[in-house]
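Chemist: Just so you know, we're using this note's numbering here: the sequence shown kicks off at 3 and counts up by one. Even for Gly, the Cβ is constructed at its ideal location relative to N, Cα and C. Right, I'll just put the structure down here and ask away after.
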Amino acid sequence: MHFTTATKIAQRSLGRQATGLLKNRPLTHRFKSTAAAEFQQGTATKHDKTAHPEPTNATNEPAPMPHFKQTRITTTENGEPIWENPINHAVYDLDKISNMEQTHHPVVKMHERVAFLAIKTLRTGFDIISGYRGPGGAMTEKDWLNRCLFLESVAGVPGMVGGMLRHLRSLRLLKRDYGWIHTLLEEAENERMHLLIFMNIKQPGYFFRALVVGAQGVFFNGFFLTYLVSPKTCHRFVGYLEEEAVKTYTCLLKDIEDGHLDAWKEKKAPLIAQTYYKIPEDSSVYDMIKCVRADECNHRDVNHAFADLDQKKGVSPFVYSHH
Numbered sequence: 003m004h005f006t007t008a009t010k011i012a013q014r015s016l017g018r019q020a021t022g023l024l025k026n027r028p029l030t031h032r033f034k035s036t037a038a039a040e041f042q043q044g045t046a047t048k049h050d051k052t053a054h055p056e057p058t059n060a061t062n063e064p065a066p067m068p069h070f071k072q073t074r075i076t077t078t079e080n081g082e083p084i085w086e087n088p089i090n091h092a093v094y095d096l097d098k099i100s101n102m103e104q105t106h107h108p109v110v111k112m113h114e115r116v117a118f119l120a121i122k123t124l125r126t127g128f129d130i131i132s133g134y135r136g137p138g139g140a141m142t143e144k145d146w147l148n149r150c151l152f153l154e155s156v157a158g159v160p161g162m163v164g165g166m167l168r169h170l171r172s173l174r175l176l177k178r179d180y181g182w183i184h185t186l187l188e189e190a191e192n193e194r195m196h197l198l199i200f201m202n203i204k205q206p207g208y209f210f211r212a213l214v215v216g217a218q219g220v221f222f223n224g225f226f227l228t229y230l231v232s233p234k235t236c237h238r239f240v241g242y243l244e245e246e247a248v249k250t251y252t253c254l255l256k257d258i259e260d261g262h263l264d265a266w267k268e269k270k271a272p273l274i275a276q277t278y279y280k281i282p283e284d285s286s287v288y289d290m291i292k293c294v295r296a297d298e299c300n301h302r303d304v305n306h307a308f309a310d311l312d313q314k315k316g317v318s319p320f321v322y323s324h325h
């Protein structure tokens, strides 16, 4: 009897407490809702007072001057975004690269003889097959563009192969690479950008694209296997290859200067070239090609320097130029 009475009393007490909570709950929720609304309203008012000004239209800025300051141009006049390459690369003063020295590394050691003979053989064969006739007016715009497009499609292979193999070696041996990887990958990207720039002037046909696929398959595998055996020979090979590239672009520039390709003296450089090299908007294809030749001079010197270094312990002297 006492147990039953105590149970009933406890149930009544719990019931009264629950009823009190239910009565108080709407008040609590109303308080919280009111406080939240007031807080949000105050925050909105505060944001209104400190609103940021509208961004300026960067397209109204003039083209970068010869000192090549970092441009803030992000869109074209039509509002289309302008893509900028995120990989570090050189920009040039057009006046300073008008005349580039054509250097040649002497052929003395055995690996240099092998590399030089390979380049001369490939150059001679390619000149015959492609019908290259050199400067002097015999080459048309189409001839020069086809040559540049094909050469740049091949030139982007060595840097990627070397960078990839050194990257894998660093992972495999759990050792640092001392700056080689960055330089080689930047070289590969730079050569690819040359290809994209020329493709903005001429789109290759299906037959040309098939030739590129075949050449890339043969050259990639050959260079890959050779780099595994003798990376020093491969870097010397690329150094001599870039020497030939500098000669080719110098001949092209001479044809433009001599009036055989008048249109390229006046024709505006593609937007991708203006953005990549930070050259003025009124720069011509002639100015663009001077920048491409300067890049090839840089690749020539870099690969000859790499060939002179210890392939396992050498520190890249160009590592600080990437920052």
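In this structure, does DSSP put S155 in helix, strand or coil?
Modeler: It is helical.
Chemist: Closer than 8 Å by C-beta to I291: which residues in its own chain qualify, once you throw out the five before and the five after it? Chain order, please.
Modeler: Hits under 8 Å: Y251, L254, L255, I258 and W266.
Chemist: At which residues does the alpha helix (DSSP H) containing S132 begin and terminate?
Modeler: M112 to S132 is the extent of the alpha helix (DSSP H) around S132.
Chemist: Since S286 sits in a beta bridge, which residues does DSSP pair it with?
Modeler: In DSSP, S286 forms a bridge with K270.
Chemist: Please report the distance separating the alpha-carbon of L187 from that of F209.
Modeler: Roughly 29 Å separates the two Cα atoms.
Chemist: Leaving aside the five residues before and after F221 along the sequence, list all residues of the same chain whose C-beta is less than 7 Å from its C-beta, in chain order.
Modeler: Only V156 and V159 meet the Cβ criterion.
Chemist: Which whole-angstrom value is the C-beta distance of E244 and R168, which I expect to be below 8 Å?
Modeler: Not really, about 19 Å apart at Cβ, beyond 8 Å.
Chemist: Going by beta-carbon coordinates alone, are I199 and Y278 separated by less than 9 Å?
Modeler: Yes, the pair counts as a contact, with Cβ atoms nearer than the cut-off.
Chemist: On a Cα-Cα basis, can you pick out the residue from E154, P272 and F118 that is closest to H356?
Modeler: This structure leaves residue 356 out entirely; the chain is present only between 3 and 325.
Chemist: Straight-line CA distance for C236 to N148?
Modeler: Between C236 and N148, the C-alpha separation is close to 26 Å.
Chemist: Within its chain, find whatever has a CB closer than 8 Å to the CB of S286; leave out the 5 residues flanking it on each side and keep chain order.
Modeler: Correct list, in chain order: W266, K267, E268, K269, K270 and A271.
Chemist: Below 8 Å on the Cβ atoms is my guess for G161 versus I183; work out the distance and round it to an integer in Å.
Modeler: 10 Å between Cβ atoms; not a contact.
Chemist: Since E193 and V304 should fall inside the 8 Å C-beta cutoff, what is the C-beta to C-beta distance between them, to a whole number of angstroms?
Modeler: About 12 Å; that fails the 8 Å criterion.
Chemist: Determine, using beta carbons only, whether A309 and G241 come nearer to each other than 9 Å.
Modeler: Contact flag set, yes.
Chemist: Give me, in chain order, the residues of the same chain whose beta-carbon lies closer than 6 Å to that of E246; leave out the 5 immediate sequence neighbours on both sides.
Modeler: Once the five neighbours on either side are set aside, the close Cβ partners of E246 are R125.
Chemist: Take P137 and list the residues in its own chain whose beta-carbon comes closer than 6 Å to its own, dropping the five residues that flank it on each side.
Modeler: Hits under 6 Å: C253, K256 and D257.
Chemist: Mind checking which residues open and close the alpha helix (DSSP H) that includes R211?
Modeler: Run containing R211: Y208 to V231, per the alpha helix (DSSP H) assignment.
Chemist: My assumption, with CB atoms under 8 Å, is that I281 sits in contact with C299. Please give the rounded CB distance.
Modeler: Contact doesn't hold; Cβ gap of about 17 Å is too wide.
Chemist: Looking at C-alpha atoms only, which residue of Q276, K98 and R238 is the closest neighbour of V110?
Modeler: Ranking Q276, K98 and R238 by Cα distance to V110 puts R238 first.
Chemist: Using only the alpha-carbon positions, how far apart do A275 and R295 sit?
Modeler: Computed Cα separation, rounded: 13 Å.
Chemist: Would you kindly check if the distance between the Cβ of L151 and the Cβ of M201 is under 9 Å?
Modeler: Yes, the pair counts as a contact, with Cβ atoms nearer than the cut-off.
Chemist: With a Cβ-Cβ cutoff of 9 Å, do H196 and D97 count as a contact?
Modeler: Contact: no.
Chemist: By alpha-carbon positions, which one of N80, P233, A92 and E283 ends up nearest to Q313?
Modeler: Answer by Cα proximity: P233.
Chemist: For F128, tell me which candidate among D289, K204, T185 and A217 has the shortest Cα-Cα distance.
Modeler: The shortest C-alpha separation from F128 is found at A217.
Chemist: Given this structure, state the Cα-to-Cα distance separating N101 from V248, to the nearest angstrom.
Modeler: Cα to Cα, N101 sits roughly 11 Å from V248.
Chemist: Pick helix, strand or coil for P160, following the three-state DSSP scheme.
Modeler: Of the three classes helix, strand and coil, the one that applies to P160 here is helix, per DSSP.
Chemist: Measure the C-alpha to C-alpha separation of L227 and N80 and round it to an integer number of angstroms.
Modeler: If you take the alpha carbons of L227 and N80, they lie about 49 Å apart.
Chemist: Quick one: residues in its chain with C-beta nearer than 7 Å to the C-beta of P206, no 5 flanking neighbours on either side, listed in chain order?
Modeler: L151, listed in sequence order.
Chemist: Measuring only the C-alpha atoms, how far is N327 from H113?
Modeler: Because the chain here runs from 3 to 325, residue 327 falls outside it and cannot be looked at.
Chemist: My output table needs one value for E103: the three-state DSSP class, helix, strand or coil.
Modeler: Three-state DSSP puts E103 in coil, outside helix and strand.
Chemist: Within its chain, find whatever has a CB closer than 6 Å to the CB of G316; leave out the 5 residues flanking it on each side and keep chain order.
Modeler: Answer for G316: no residue qualifies.
Chemist: Please state whether DSSP places N202 in a helix, a strand or coil.
Modeler: Correct three-state label for N202: coil.
Chemist: Apply the 10 Å Cβ neighbour rule to E154 and answer buried if 16 or more other Cβ atoms are within range, or exposed otherwise.
Modeler: So E154 counts as buried.
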